[in-house]
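Accompanying notes for the structure given below.
Numbering (the working numbering), first residue to last: -1 to 261.
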């Protein structure tokens, strides 16, 4: 973030507030190419965070030095890895600092990070209070290995989950995995599972897909939005969700939601 950016963040840490947002991109010296990293010259920032009185600290950064996470500690309530295409792995970094994740409410993984299902499962086991999880990639076929193990762990450990976006993250057995995982998500109100099957297959070829709508409605009665890009899937899910989920309005895909917002 540069010396000026670091200085500004340190000054913000002195504020007497309950919740603090640390976002270096907002304080960059170069507006055209803002740095969003918290990984250089972090000594003063570490000390400022240790002295900070905020009980909840949200971090939005493309990379974070372990010393910064250590200084934040269990006050970490939100971690957003941004959109950087760098080599920093948020999941691996948080795994080394699992003690910081006990009060984590919101987690956003970089679009360009390959998610290892086993690693992600280990991480979410340390994050029982998660409410919002953004795993979405932004390129069909980008995710190499299935993330089923991580999604199952979310169902096992994160019973406060309200929002889950898995766009472009493939699963080996998506219906079977979600049938089991959704048992642990009674508060879920948003689910995106668009493009979670391999590019050479279709949703209707997925084993047990026919029973998923009923299971989803039963396990997640507060569901309000279900996002897919497949007309056949919408036809399969919409009648069941509309009938069984009292808060459910219309089955919208992302494009339709954007269009309505613009109007």
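Cβ atoms here follow ideal geometry from the backbone N, Cα and C, with glycine treated the same way.
Note that the coordinates shown come from a computational prediction; the quantities given were computed from them, not determined experimentally.
Please confirm whether any heavy atom of the ligand ATP lies closer than 8 Å to the CB of residue 169.
Among the components of this structure there are no ligands whatsoever, and the ligand ATP is therefore not found.
According to DSSP, is residue 225 part of a helix, a strand, or is it coil?
Locating residue 225 in the chain shown gives position 227, where the first residue counts as 1. Note: residue 225 maps to strand in three-state DSSP.
Output yes or no for whether 9 Å exceeds the beta carbon distance between residue 234 and residue 187.
Taking the chain shown and counting its residues from 1, one reaches residue 234 at position 236. Taking the chain shown and counting its residues from 1, one reaches residue 187 at position 189. Not a contact, by the Cβ cut-off of 9 Å.
If you follow the alpha helix (DSSP H) that residue 262 is part of, which residue opens it and which one closes it?
Beyond the ends of the chain as shown, which are -1 and 261, falls residue 262; an answer cannot be given.
DSSP beta-bridge partners for residue 17?
Numbered from 1 along the chain shown, position 19 holds the residue referred to as residue 17. In DSSP, residue 17 forms a bridge with 54.
Of the residues 185, 204, 13 and 240, the one placed nearest residue 174, counting alpha carbons only:
Along the chain shown, read from residue 1 onward, the residue named residue 174 stands at position 176. Nearest C-alpha to residue 174: 204.
Express the C-alpha separation of residue 191 and residue 153 in angstroms, rounding to a whole number.
For the purposes of this step, residue 153 is taken as the residue at position 155 of the chain shown. For the purposes of this step, residue 191 is taken as the residue at position 193 of the chain shown. If you take the alpha carbons of residue 153 and residue 191, they lie about 15 Å apart.
Compute the beta-carbon to beta-carbon distance between residue 4 and residue 39, rounded to the nearest angstrom, for a pair I have assumed lies under 8 Å.
Residue 4 sits at position 6 when you count from the first residue of the chain shown. Residue 39 sits at position 41 when you count from the first residue of the chain shown. Indeed they touch by this definition, with Cβ atoms about 6 Å apart.
Using the beta-carbon count (16 or more within 10 Å), is residue 136 buried or exposed?
Here the question's residue 136 lines up with position 138 in the chain shown. Under this definition residue 136 is an exposed residue.
Between which residues of its own chain and residue 77 is the CB-CB distance below 6 Å, once the five residues before and five after are set aside?
Position 79 of the chain shown holds residue 77. Contacts found: 57 and 105.
Taking DSSP as the reference, what is the three-state secondary structure of residue 61?
Here residue 61 is taken as the residue at index 63 of the chain shown, counted from 1. Three-state result, residue 61: strand.
Completely contained beta strand (DSSP E) runs for the stretch 119 to 181, where each covers 3 or more residues
130 to 132 and 161 to 163
With a threshold of 16 other CB atoms inside 10 Å of the CB of residue 115, please say whether the residue is buried or exposed.
Position 117 of the chain shown, counting from 1, holds the residue named residue 115. Its Cβ being crowded by 16 or more others within 10 Å, residue 115 is buried.
Residues that residue 35 bridges to, as DSSP identifies them
Taking the first residue of the chain shown as 1, we reach residue 35 at position 37. DSSP, once it has assigned bridges, lists 61 as partnering residue 35.
Is the stretch 145 to 152 touching the stretch 115 to 128 in the sense that three or more CB pairs, one from each, lie closer than 8 Å?
yes
Along the chain, where does the alpha helix (DSSP H) that runs through residue 185 open and close?
Start at 1 with the first residue of the chain shown, and residue 185 comes out as number 187. Element bounds for residue 185: n/a, residue is neither H nor E.
Contact defined as beta carbons within less than 8 Å: I believe residue 140 pairs with residue 166. What is the distance between those atoms, to the nearest angstrom?
Sequence index remark: in the chain shown, residue 140 carries index 142 (1-based). Sequence index remark: in the chain shown, residue 166 carries index 168 (1-based). Sure, about 6 Å apart at Cβ, within 8 Å.
How big is the Cα-Cα spacing for residue 43 and residue 66?
Your numbering for residue 43 matches position 45 in the chain shown. Your numbering for residue 66 matches position 68 in the chain shown. Answer to the nearest angstrom: the Cα atoms are 7 Å apart.
Reduced DSSP category for residue 30 - H, G, I as helix; E, B as strand; rest coil
Stepping through the chain shown from its first residue, residue 30 is reached at position 32. Reliability of the predicted coordinates at residue 30 is poor, the pLDDT of 43 falling under 50, and the value obtained from them is presented with this limitation in mind. If DSSP states are grouped into helix, strand and coil, residue 30 belongs with coil.
Rounded to whole angstroms, what is the Cα-Cα separation between residue 93 and residue 119?
On the chain shown, residue 93 is found 95 positions in, with the first residue counted as 1. On the chain shown, residue 119 is found 121 positions in, with the first residue counted as 1. Cα to Cα, the separation comes out at about 10 Å.
Using the DSSP secondary-structure output, state which residues sit across from residue 190 in a beta bridge.
Working through the chain shown from its first residue, we reach residue 190 at position 192. According to DSSP, residue 190 bridges with 163 and 225.
Report back the beta-carbon spacing between residue 16 and residue 52 to the nearest angstrom; my notes put them in contact at under 8 Å.
Start at 1 with the first residue of the chain shown, and residue 16 comes out as number 18. Start at 1 with the first residue of the chain shown, and residue 52 comes out as number 54. That belief holds up - the Cβ atoms of residue 16 and residue 52 are roughly 6 Å apart, short of 8 Å.
Measure the beta-carbon distance from residue 128 to residue 102 and round it to whole angstroms, keeping in mind my assumption that it falls under 8 Å.
Counted from its first residue, the chain shown places residue 128 at position 130. Counted from its first residue, the chain shown places residue 102 at position 104. Correct: roughly 6 Å between the Cβ atoms.
Who pairs with residue 105 in a beta bridge, going by DSSP?
What you label residue 105 is simply residue 107 of the chain shown in a count that begins at 1. Partner(s): 77 and 131.
Skipping 5 residues on each side, what residues in its chain have a beta carbon closer than 6 Å to that of residue 228?
To locate residue 228, count along the chain shown from 1; it is residue 230. The residues are 201.
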